[in-house]
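Chemist:
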Amino acid sequence: MIFGVAREIKPQEGRVSLLPAQVETLIQAGHTVLVESAAGKFSGAKDSAYEAVGAKIVPTAAELYGSAETIVKVKEILPPEYELLEQRHIIFTNLHTALNRDLTDKLLEVGCTGLSAEEMHQFGTPNSPLAGEVGALEGLRLCLAPHGGTGRHFLPQYGSTATKAVVIGLGGAGLGAVRVLTALGCSVVGLDDHAGARYKADIQFADRNFSTGNIEGLDSLLDDLDLLVNCVRWDKTRTDHLLSRADLAKTKETLVIADVSCDEAGAIETSRPTSWEHPTYHAEGRLHFVVDNIPGAVPVAASAGYANALLPFLLELGEKGVLPACRDNAWLARGLTCVAGELILRETGLLQQRDYRELAAFLAG
Ligand SMILES: NC(=O)c1ccc[n+]([C@@H]2O[C@H](COP(=O)([O-])OP(=O)(O)OC[C@H]3O[C@@H](n4cnc5c(N)ncnc54)[C@H](O)[C@@H]3O)[C@@H](O)[C@H]2O)c1
């Protein structure tokens, strides 16, 4: 199979889908790998490092898409990339089609095969811990007085209280946020509606200034909160919120909200996704940080984690072809989004109220 490693075009996005180590493994398995020039620049991987393991560097995205069968990326396909798509392509990236009708329309119109990497991670996406860790750190930085934050120190010193933080959602991202905040000395409460998630966090952070509770406990913590980090995996069909616009009146004006989940009016009613170029805004007077590609700030680690997670799927895809590989590997199949103009990803079908075929029926057909 001819794989193409595309350069990301989203502003401030330094990640690359495959590093030279994974490219070498694909080449050793008999595949060809094309890499768009400078794709690995911000992840510490020069063109020469890819060439050293046998990849061919191509100068432009047009040449990459023109020659490769499977395009491997990190971020969704953006409008400037639409014209590069062809029916014969397999697009393997974090497509996030559910809330992106434009992209869904384009993928279906072109008739290419779409594989959503974000659906495939059996042990949670490798980006989540990084997003939680970096998002919490950024939230904490915004708590410093010059940024309008509370001015509490993150360490409990001189008899004063350390920064008080609540992390909602204790999955991969939430545990990452707790790890960073408690390591620095903050007083942290983790809330999750899943007893197993609370138990895991309790054990992991037993020696820190940390406790857990049900999500219903959020209301009672609002009045003396410095930092709220949202890491809940939000059910996008829900129309209610865990923190409503009205709830913000119960908080201090200096509250910082670091919304890692970054769902538009999701768990946090006042949230809307932002970028590293313009990461924050005020709503109801409260500072919000809602960057939707937080791991893009640590591309060296993020690329390594993502590339290692993708490699087994790419090897299987290259060996068997897309549909046999999906029939053999349920985790790969979870990402099957569209094939030849037909929508397969149920969440996208439901949210966009458009026709889709159930995965099992499609693979059996
Ligand atoms: N901003 C970014 O760059 C970035 C990067 C990676 C992940 N994310 C997002 O972060 C979010 C979390 O990802 P994850 O991998 O940690 O998810 P996860 O599935 O591992 O964990 C989510 C947690 O939320 C909890 N939860 C779900 N509904 C809840 C509710 N109503 N109340 C309380 N708890 C609830 C679950 O029990 C679970 O423990 C996702 O939305 C993901 O898309 C964002």
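Here the sequence shown stands for residues 137 to 501, where the numbers follow the working numbering.
Beta carbons are placed, not taken as given, at the ideal position from N, Cα and C, and that holds for glycine.
#1: Report the partner residues of Val507 according to the DSSP bridge assignment.
#2: Could you tell me which of Thr196, Gly284, Ile145, Thr249 sits nearest to Thr206, measuring between CA atoms?
#3: Measuring alpha carbon to alpha carbon, tell me which residue in Gly471, Arg369, Leu391 is nearest Met256.
#4: Using a Cβ-Cβ cutoff of less than 8 Å, which residues in the same chain neighbour Phe425 once the five nearest sequence positions on both sides are dropped?
#5: Using DSSP with H/G/I as helix, E/B as strand and the rest coil, what is Arg422?
#6: Under the three-state reduction of DSSP, which class applies to Ala188: helix, strand or coil?
#7: Just reading off the alpha helix (DSSP H) that Phe346 is part of, what are its end residues?
#8: Excluding the 5 residues flanking Leu251 on each side, which residues of the same chain have their C-beta closer than 6 Å to its C-beta?
#9: Can you tell me where the beta strand (DSSP E) holding Phe139 begins and where it ends?
#10: With DSSP as the reference, label Tyr294 as helix, strand or coil.
#11: Could you pull the start and end residues of the alpha helix (DSSP H) that Asn366 belongs to?
#12: Would DSSP call Asp373 helix, strand or coil?
#13: For Glu300, write down the residues that DSSP places opposite it in a beta bridge.
#14: Considering just the uninterrupted stretch of the alpha helix (DSSP H) at Phe449, what are its terminal residues?
#15: Return the chain-ordered ranges of every alpha helix (DSSP H) run that is complete within the segment 192-229 and spans a minimum of 4 residues.
#16: Would you call the CB atoms of Glu149 and Gly421 closer than 7 Å?
#17: Shorter than 7 Å from the beta carbon of Ile404 to some beta carbon of chain C?
#18: On the criterion of 16 or more Cβ atoms from any shown chain inside 10 Å, does Gly295 qualify as buried, or is it exposed?
#19: I believe Ser179 touches Pro435 by the beta-carbon criterion, under 8 Å. Please report the beta-carbon distance rounded to the nearest angstrom.
#20: Count the other CB atoms within 10 Å of the CB of Asp428; is the residue buried (16 or more) or exposed (fewer)?
#21: Evaluate contact between the segment 435-451 and the segment 147-161, counting only Cβ atoms and requiring at least three cross-stretch pairs below 8 Å.
#22: How far does the alpha helix (DSSP H) with Asp355 in it reach, from first residue to last?
#23: By Cβ distance below 8 Å, which residues in the same chain neighbour Gln258 in space, the five residues on each side in sequence not counted?
Modeler: Based on what the coordinates show:
#1: No information on residue 507 is available, as it lies outside the stretch 137 to 501 that the chain covers here.
#2: Thr249
#3: Gly471
#4: Gly271, Glu274, Gly275, Leu278, Val392, Ile393, Ala394, Asp395, Thr410, Pro415, Thr416.
#5: In this structure, Arg422 counts as strand in the three-state DSSP scheme.
#6: helix
#7: Phe346 -> not in any alpha helix (DSSP H); beta strand (DSSP E) instead, spanning 346-349.
#8: Cβ within range, chain order: Phe228, Gly471.
#9: Element bounds for Phe139: 138-141.
#10: coil
#11: Here Asn366 belongs to no alpha helix (DSSP H); instead the beta strand (DSSP E) covers 363-366.
#12: In the sequence as displayed, the identity of residue 373 is Thr instead of Asp. The answer is coil: DSSP assigns Thr373 none of H, G, I, E or B.
#13: A small correction: the amino acid at residue 300 is Lys; Glu does not occupy that position in the sequence shown. In DSSP, Lys300 forms a bridge with Ser323.
#14: 435-456
#15: 197-203, 215-218
#16: no
#17: Of the protein chains in the structure, only one exists, and it is not chain C.
#18: exposed
#19: 4 Å
#20: buried
#21: Flag = yes, the segment 435-451 and the segment 147-161 touch.
#22: In the DSSP assignment, Asp355 falls within the alpha helix (DSSP H) that extends over 354-357.
#23: Trp467
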